[in-house]
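Asker: One structure follows; several queries about it will come next.
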Amino acid sequence: MIISSTPFRISFVGGGTDFEDFYRRYPGRVLSTSINKYIYLGINQKFDKCIRVSYSRTEEVETPNQIQHPIVKAALEEMNIREGIEIVSVGDIPSAGTGLGSSSSFTVGLLNGLHSYLDKYINAGDLAEKACQIEIQKIGSPIGKQDQYAAAFGGLNVITFNCDGKIEVDPVYLSPKIKEGFQGHLMLFYTGLQRSSNPILSEQKNNIDKKFEFLKNLSDLVPVFRNHLEKGDFKKLGELLHQNWLWKKELSSGISNSQIEEMYHLALEAGAWGGKVLGAGGGGFLLVMSSPENQAKIREALKQYQLTSFRFTEAGSKIVFKN
Amino acid sequence: MEDYIKSFLTELNAEINKVSWKEIAFGIKILQTAYEYDGKIFAIGNGGSAAIASHFSNDLNKTVFGQKGEKQTKRFQVICLADNTATLTAWANDVGFEDIFSEQLKNFAQEKDVLIAISSSGNSPNIIKAVNTAKDLHLSVIGMVGFDGGQLLSLADAKIHVPSKKYEIIESAHDSICHLVTTHFKEAIK
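Chains as they are written, first to last, in our numbering: chain A, 3 to 325; chain B, 514 to 703.
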């Protein structure tokens, strides 16, 4: 029996610049952190030769090509596992459409677990790249590469997507005081909307030419954000998040909607400096940045939405149990 | 005498300032990762470095959470492999001195664990053997070295290098860096 644990992530600035169609022309950058919300993948040899996969539904099949879950199917094919395996997934938050990078966390955690199942070791860089291959090349999901790297490496990082295709993960080291301060200025509200990111991201992917200047601005915002973060200039960070959100909304029509606009407006009225919808947009979680003094007012203004507590973490995907 | 004393302190200060802050920060990240997943941390060294390994183990296991006492249920899990005389002498006597740390690692180590290897020369055979075992088991390695760093400098993931040629300076600097890391976790872990 093997259990892998893989974190979800919060992305602050630069989302959308991790698409290959963009970063082949101009370096893409994102600044994100893993958080203490995890997906766990349990993997075990099955007594009979069948395959059982359990997530929001349960599949019991005889061969990998009968599996409906596209990631599990592709991963088993990739790893050349044909029979006699049981895979169970359990997550700390709803598994899809939350904007916390959960589908890539799932892929990374599954691949990590399957390597361990076959007594193979894979390092974080190879794990992230293999997850990208499965999700982007094999399945054809219209997604970028930031989530796979965030899940495999863990921690607060600037991830750079270079024009030659090389991807670099550069940790942002913060003193305990600034790290605690940054977390203390953030709140995460659940919109209650679960959406499929694919239509939003497909449009965004097709828009890359048209929105090239916005994407360049988003990428260039990352070093500026990092600089202010290292200094602990929280008000400025809130303003940069706001700017990031205004540009991000330009990328695709579904990123915001009337409910999200209303929530964001209420937060600003109650004293927030800025924020953003995490991930592709259209639903999931809304991140709000404000002074700690205004948090009670913002909570009150958004009281109908579930507030979710979280902490930044350092660890990427790990095998936490093996026997 | 004043000059004599001050020259040591000045030299120590100069050498400790040559250590890369990013490598120390990376070492902290590796330890934090182990903490989050309840990974074990092993510390090894010979002579003065064995004492540093033992001292640092105590600081991570107890000092970091000292004031919180029993309330702190999640803790570092550090094992100093230089502390158990019976096991050390058993391996040394029956198999060889080179194996004293490497063989102990094989009892406990798992993929998510960390090895802190302290060796001023960076070349002590029993340290290098343990680091190679740790690499085979896919542990992260924090190396604390002096002189030119020796083999350990290239093998370690986090490379904490005090480039002095004097043992007293190197070991003093290693101890100070361990205390810096202890102070960090005292503040960072809530």
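Idealized CB from N, CA, C, for every residue including glycine.
Bear in mind the structure is a predicted one, so any value in this text is a computation, not a measurement.
So is Q68 (chain A) buried or exposed if we call it buried at 16+ other beta carbons inside 10 Å?
Answerer: Exposed, since its Cβ has fewer than 16 Cβ neighbours within 10 Å.
Asker: In the DSSP assignment, find the alpha helix (DSSP H) that holds Y42 (chain A) and state where it starts and stops.
Answerer: Unbroken run through Y42 (chain A) is the beta strand (DSSP E), G30 to Q47; no alpha helix (DSSP H).
Asker: Just how far apart, CA to CA, sit G16 (chain A) and Q261 (chain A)?
Answerer: About 23 angstroms.
Asker: Report the neighbours of S34 (chain A) on chain B: residues whose CB is nearer than 7 angstroms to its CB, in chain order.
Answerer: Neighbours of S34 (chain A) on chain B: none; closest Cβ ~15 angstroms, over 7 angstroms.
Asker: Look at the alpha carbon of S633 (chain B) and the alpha carbon of A317 (chain A), and state the distance between them as a whole number of angstroms.
Answerer: So the two alpha carbons sit approximately 29 angstroms from each other.
Asker: How is S56 (chain A) classed by DSSP in three states: helix, strand or coil?
Answerer: Residue state, collapsed to three classes: strand.
Asker: Counting C-beta neighbours from all protein chains within 10 Å, is the total for C134 (chain A) 16 or more, i.e. buried, or is it exposed?
Answerer: By the neighbour-count rule (16 or more Cβ atoms within 10 Å), C134 (chain A) is buried.
Asker: Hey, T19 (chain A) and R11 (chain A) are a contact pair by Cβ (cut 8 angstroms); roughly how many whole angstroms apart?
Answerer: With 8 angstroms as the limit, T19 (chain A) and R11 (chain A) do not qualify as a contact, their Cβ atoms being about 16 angstroms apart.
Asker: What's the C-alpha gap between G560 (chain B) and H568 (chain B)?
Answerer: Their Cα atoms are separated by approximately 13 angstroms.
Asker: Taking the alpha-carbon positions, what's the S677 (chain B) to E22 (chain A) distance?
Answerer: The straight-line gap from Cα to Cα measures roughly 46 angstroms.
Asker: Got a sec? Which residues, its chain only, sit under 8 angstroms from C52 (chain A) by beta carbon, not counting five neighbours each side?
Answerer: These residues qualify, in order along the chain: E62, V63, E64, E85 and G86.
Asker: Label N246 (chain A) either buried or exposed according to how many other C-beta atoms from any shown protein chain fall within 10 Å of its C-beta, with 16 as the threshold for buried.
Answerer: By the neighbour-count rule (16 or more Cβ atoms within 10 Å), N246 (chain A) is buried.
Asker: Enumerated in chain order, which unbroken segments of the beta strand (DSSP E) with a length of 3 residues or greater are wholly contained in the segment 80-132 of chain A?
Answerer: The segment 80-132 of chain A contains these whole beta strand (DSSP E) runs: 87-93.
Asker: Start and end of the alpha helix (DSSP H) containing D149 (chain A)?
Answerer: Q148 to F155 is the span of the alpha helix (DSSP H), which, as asked, contains D149 (chain A).
Asker: Residues in the same chain with beta-carbon distance under 8 angstroms from L231 (chain A), minus the five sequence neighbours each way, listed in chain order, please.
Answerer: For L231 (chain A), where only same-chain residues beyond five positions count, the Cβ hits under 8 angstroms are L33, V174, L176, I180, F184 and L239.
Asker: Looking at the secondary structure, which residues open and close the beta strand (DSSP E) in which N159 (chain A) lies?
Answerer: Element bounds for N159 (chain A): L158 to F163.
Asker: Is V322 (chain A) close to chain B, meaning its C-beta is less than 8 angstroms from at least one C-beta of that chain?
Answerer: By this cut-off, V322 (chain A) is an interface position.
Asker: Determine, using beta carbons only, whether I2 (chain A) and G276 (chain A) come nearer to each other than 8 angstroms.
Answerer: It is not possible to answer for residue 2 (chain A), since the shown part of chain A is limited to 3 through 325.
Asker: Find the residues of chain B that neighbour S319 (chain A), judging by a C-beta separation of less than 8 angstroms, and give them in chain order.
Answerer: Simply none; closest approach about 10 angstroms.
Asker: So, is the C-beta of Q545 (chain B) closer than 8 angstroms to a C-beta in chain A?
Answerer: Chain A, which has a Cβ nearer than 8 angstroms to the Cβ of Q545 (chain B), makes this yes.
Asker: Considering S567 (chain B), what are the terminal residues of the alpha helix (DSSP H) in which it resides?
Answerer: Start and end: G561 to N574.
Asker: Return the CA-CA distance between G281 (chain A) and I683 (chain B), expressed in angstroms with no decimal places.
Answerer: Spanning the two alpha carbons is a distance of roughly 47 angstroms.
Asker: Can you tell which of A:S198, A:F191 and A:E88 has its C-alpha closest to the C-alpha of N46 (chain A)?
Answerer: The shortest Cα separation from N46 (chain A) among A:S198, A:F191 and A:E88 belongs to A:E88.
Asker: Excluding the 5 residues flanking Q206 (chain A) on each side, which residues of the same chain have their C-beta closer than 7 angstroms to its C-beta?
Answerer: These residues qualify, in order along the chain: G18, L253 and S254.
Asker: Secondary structure at I145 (chain A), three-state DSSP: helix, strand or coil?
Answerer: I145 (chain A) falls in the coil class under three-state DSSP.
Asker: Based on the DSSP secondary-structure assignment, which residues constitute the bridge partners of D172 (chain A)?
Answerer: Per DSSP, A:V160.
Asker: Output the distance between the C-alpha atoms of I161 (chain A) and D222 (chain A), rounded to the nearest integer angstrom.
Answerer: About 13 angstroms.
Asker: Do you know whose CA, among A:L243, A:L195 and A:K132, lies nearest A327 (chain A)'s CA?
Answerer: The requested residue 327 (chain A) is not part of the displayed model; chain A covers only 3 to 325.
Asker: Would you be able to state if there are at least three C-beta pairs under 8 angstroms between the segment 37-45 of chain A and the segment 137-149 of chain A?
Answerer: No contact exists between the segment 137-149 of chain A and the segment 37-45 of chain A.
Asker: Could you list which residues in chain A have their beta carbon closer than 9 angstroms to that of H697 (chain B), in chain order?
Answerer: By Cβ distance, chain A contributes S177 and P178.
Asker: In or out: N114 (chain A) buried (at least 16 other Cβ within 10 Å) or exposed?
Answerer: Under this definition N114 (chain A) is a buried residue.
Asker: Using only the alpha-carbon positions, how far apart do S6 (chain A) and D626 (chain B) sit?
Answerer: Distance between the alpha carbons of S6 (chain A) and D626 (chain B): 15 angstroms.
Asker: Give the interface partners of S7 (chain A) over in chain B, defined as CB-CB distance under 8 angstroms, in chain order.
Answerer: Simply Y550.
Asker: Please report how far the alpha carbon of M514 (chain B) lies from the alpha carbon of S685 (chain B), in whole angstroms.
Answerer: Spanning the two alpha carbons is a distance of roughly 20 angstroms.
Asker: At the level of alpha carbons, what is the spacing between G540 (chain B) and K237 (chain A)?
Answerer: Using only the alpha carbons, I get a separation of about 30 angstroms.
Asker: Name, please, each residue of chain B whose Cβ falls closer than 7 angstroms to the Cβ of P144 (chain A).
Answerer: Under the 7 angstroms cutoff, chain B gives no residues; its nearest Cβ is about 32 angstroms from P144 (chain A).
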